[in-house]
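Just so we're aligned: 136 in numbering that gives the first Met the number 0 is position 137 of the sequence shown, and the numbers increase by one with no gaps anywhere.
Ideal Cβ positions, reconstructed from N, Cα and C, are used throughout, including at glycine.
Fair warning: this is a prediction, and the values are worked out from it, not measured in the lab.
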Amino acid sequence: MFIFKVRGAEGGQAEIRLQALDWSEQGVTTFTCNNDKLAVLLLSECRSGQGFFELLAGTKPMYVEQWLEYLQEAGSIADVELKIYSPLDSGYGELCGLDSEQVQQLLNLVYQVGGFNRLQIMRYLKHRQSSAMMSTRYSPDELKRYRHLGELINQLIRLKTPSS
């Protein structure tokens with residue numbers, strides 16, 4: 000999960016959460032903002048190196064990062080903070096609305112079915128922050144396999160029932 004915290008140049012704060020395993024995977028977006036002007040700025044004519052994109056419809060973290068960098072360089076926003084969480088981090092379940100035991104059971108089953116072990120996942124999650132490292136360390140087939148794992152985890156989280 001990628002969490003971007005944005006502080007507006009004229010006040011206000013926003014948070015953009017993307018449920019994605021790596022920078023190039025499209026994920027579900029959650030957006031909160033306490034200032035109308037900042038919300039309109041962040042959601043209007045979003046663009047990246049690949050062109051315009053829809054933020055709320057779900058997008059890739061790298062597109063959001065490029066958009067926020069552009070806005071910061073233009074002086075439209077004051078500050079951006081990024082935190083990246085993986086399914087192996089403590090507290091990840093709470094971020095997604097699941098309890099830790101549910102997440103652990105879910106991940107263990109997914110890893111067994113996919114033939115992954117904890118060390119492979121840890122290595123991948125460590126390297127995912129560098130696209131150069133990803134392209135040299137992993138073959139296209141391996142990247143596809145890890146991205147499918149991320150999609151599966153994201154889909155399972157989307158299907159969760161709201162906790163009472």
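Residues of its chain near residue i, where Cβ-Cβ distance is below 6 Å and the 5 sequence neighbours each way are ignored
i: Ala77; result: Arg6, Ala8
i: Gly113; result: Leu148
i: Thr29; result: Arg16
i: Ser89; result: none
i: Thr160; result: Summary for Thr160: the model assigns pLDDT 47, below 50, so the residue's position carries little reliability; its value from the coordinates is reported in the next sentence. Excluding positions up to five away in sequence, the list is empty.
i: Ser43; result: none
i: Leu20; result: Gly149
i: Lys4; result: Glu14, Glu80
Exposure label - residue i; buried when at least 16 CB within 10 Å
i: Leu118; result: exposed
i: Met0; result: buried
i: Phe51; result: exposed
i: Ala56; result: exposed
i: Gln18; result: buried
i: Pro86; result: buried
i: Leu40; result: buried
i: Arg127; result: buried
i: Gly164; result: Coverage of the chain is limited to positions 0 through 163, which leaves residue 164 absent and any answer about it impossible.
i: Glu93; result: exposed
i: Ala13; result: buried
i: Leu108; result: exposed
Same chain, Cβ closer than 7 Å to residue i, neighbours up to 5 away in sequence not counted
i: Trp66; result: Cys45, Arg46, Ser47
i: Gln71; result: Val79
i: Tyr123; result: Tyr145
i: Thr31; result: Ala13, Glu14
i: Met133; result: His126, Arg127, Leu142
Residues bridged to residue i [DSSP beta-bridge criterion]
i: Gln12; result: Arg6
i: Lys143; result: Paired residues: none, contrary to the question.
i: Ile83; result: Phe1
i: Gln18; result: Val27
Proximity test, Cβ basis, 7 Å: residue i and chain B
i: Gln25; result: Although the question refers to chain B, the structure presented lacks it and comprises just one protein chain.
Evaluate the contact criterion for the segment 12 to 29 versus the segment 42 to 60: three or more CB pairs, one atom per stretch, below 8 Å. yes
Threshold first: 3 residues or longer. Then list the beta strand (DSSP E) segments lying entirely within the segment 25 to 79, N to C. 27 to 32
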